Amino acid sequence: MMDWSDVRVFLAIARSGTLGAAARLTGQTQPTMGRRLRALEAAVGHELFQRTSDGFVLTGEGAAVLNYAERMEEEALGFSRALAGKEQQLSGLLRVSSSDWFGIHVLTPVFARFLDRHRQVSVELVTDARRYNLARREADLVFRITPFDEPDVIQRKLMHIDYALYGPVDCVAPDAGDGAGQTLVSMDSAFDALPDVTWLKRMLPKARVAFGSNNRGAQARMCAEGGGFAVLPCPLGDTTPGLRRIDLGEAPPGRDVWLGYHRDLRRLGRLRALLDVTIEALADT
Numbered sequence: 315m316m317d318w319s320d321v322r323v324f325l326a327i328a329r330s331g332t333l334g335a336a337a338r339l340t341g342q343t344q345p346t347m348g349r350r351l352r353a354l355e356a357a358v359g360h361e362l363f364q365r366t367s368d369g370f371v372l373t374g375e376g377a378a379v380l381n382y383a384e385r386m387e388e389e390a391l392g393f394s395r396a397l398a399g400k401e402q403q404l405s406g407l408l409r410v411s412s413s414d415w416f417g418i419h420v421l422t423p424v425f426a427r428f429l430d431r432h433r434q435v436s437v438e439l440v441t442d443a444r445r446y447n448l449a450r451r452e453a454d455l456v457f458r459i460t461p462f463d464e465p466d467v468i469q470r471k472l473m474h475i476d477y478a479l480y481g482p483v484d485c486v487a488p489d490a491g492d493g494a495g496q497t498l499v500s501m502d503s504a505f506d507a508l509p510d511v512t513w514l515k516r517m518l519p520k521a522r523v524a525f526g527s528n529n530r531g532a533q534a535r536m537c538a539e540g541g542g543f544a545v546l547p548c549p550l551g552d553t554t555p556g557l558r559r560i561d562l563g564e565a566p567p568g569r570d571v572w573l574g575y576h577r578d579l580r581r582l583g584r585l586r587a588l589l590d591v592t593i594e595a596l597a598d599t
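Sequential numbering from 315 applies to the sequence shown in the numbering used here.
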């Protein structure tokens with residue numbers, strides 16, 4: 315009979331497609347994952363994955379039990395969240411996810427004040443583009459620039475972030491509606507539809523995108539180095555040495571920031587305390 319640890323191995327490999335990625339998801343080593351998978355397949359008497367040059371692919375037997383494994387996972391995680399939600403003591407770990415620039419320039423000062431007040435709590439801030447799953451407790455609290463559509467998530471709009479056009483402090487401002495001979499720093503091509511990207515192309519249609527990145531910090535640094543004009547969140551652009559705001563007569567669109575956490579954690583004492591400090595410091599009035 316499979317126990318929960320067996321199910322975790324199966325699901326991690328099914329979702330990631332490789333032993334290495336599955337090992338990172340579960341905090342185990344790649345050889346350990348391989349041994350556990352072989353033992354699991356021997357125990358159930360079926361080959362659950364086909365080994366291919368591109369990674370691990372579910373066999374028919376593996377695909378047939380995937381839904382049951384996911385239901386087992388949800389029950390186990392619900393059990394864990396229900397117990398965690400009863401914790402009232404202000405101690406323990408909180409895992410928070412946000413974009414890189416927001417975590418560095420907005421959240422870190424707030425979290426420093428929180429940790430000074432609550433010395434028994436630890437905060438782990440993860441800043442990358444991945445969307446962390448609140449139901450699986452990959453994060454306890456998530457900050458995003460779009461509303462949450464996952465079930466059982468309590469969310470609120472936290473604040474509005476202004477964006478502005480920036481250039482090096484010694485640059486000559488371009489003319490709105492032109493941009494001939496100018497270079498731009500923008501998001502990479504996968505994010506062409508973002509409001510600030512379309513605004514930049516509309517305001518400086520003759521300018522050339524010389525550098526693209528999904529990392530706002532990299533954009534700010536390239537802009538300061540003279541790589542081109544960039545639209546940046548003001549908390550980042552205003553604090554980056556070597557940059558100044560450029561006024562083209564129309565401000566770029568800003569973005570709203572949303573926070574969300576799983577409803578089962580709504581009474582978790584340390585999460586409530588962090589929410590109180592964050593909302594007090596950042597929430598729009």
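Idealized CB from N, CA, C, for every residue including glycine. Just so you know, these numbers come straight off a predicted model, no measurement behind them.
Check	Outcome
Own chain residues within Cβ distance below 8 Å of Arg322, not counting five before or after	Thr340, Glu387
Between the CA atoms of Ala328 and Thr343 - distance to the nearest angstrom	17 Å
Boundaries of the alpha helix (DSSP H) in which Arg586 is found, first to last residue	583-596
Contact under 9 Å by Cβ, Gly540 with Pro482	yes
Residue burial classification, Thr441 (beta-carbon count within 10 angstroms, cutoff 16)	buried
Proximity of Gly568 and Tyr477 at Cβ, strictly below 9 Å	yes
Contact set for Ala521: own chain, Cβ-Cβ below 6 Å, skip 5 residues either direction	Gly493, Gln496, Leu498
Cα-Cα separation, Lys471 to Gly359	50 Å
Residue ranges of each alpha helix (DSSP H) within the stretch 496-526, 4 or longer	509-517
Enclosing beta strand (DSSP E) for Thr366 [first to last residue]	363-366
Cβ neighbours of Gly399 in the same chain (closer than 8 Å, five flanking residues each side left out)	For Gly399, the predicted structure reports a pLDDT of 48, less than 50, and the residue's modelled location is therefore unreliable. The matter cannot be settled from this model.
Simplified DSSP state of Asp414, which is helix, strand or coil	helix
The beta strand (DSSP E) enclosing Pro547, as first and last residue numbers	543-547
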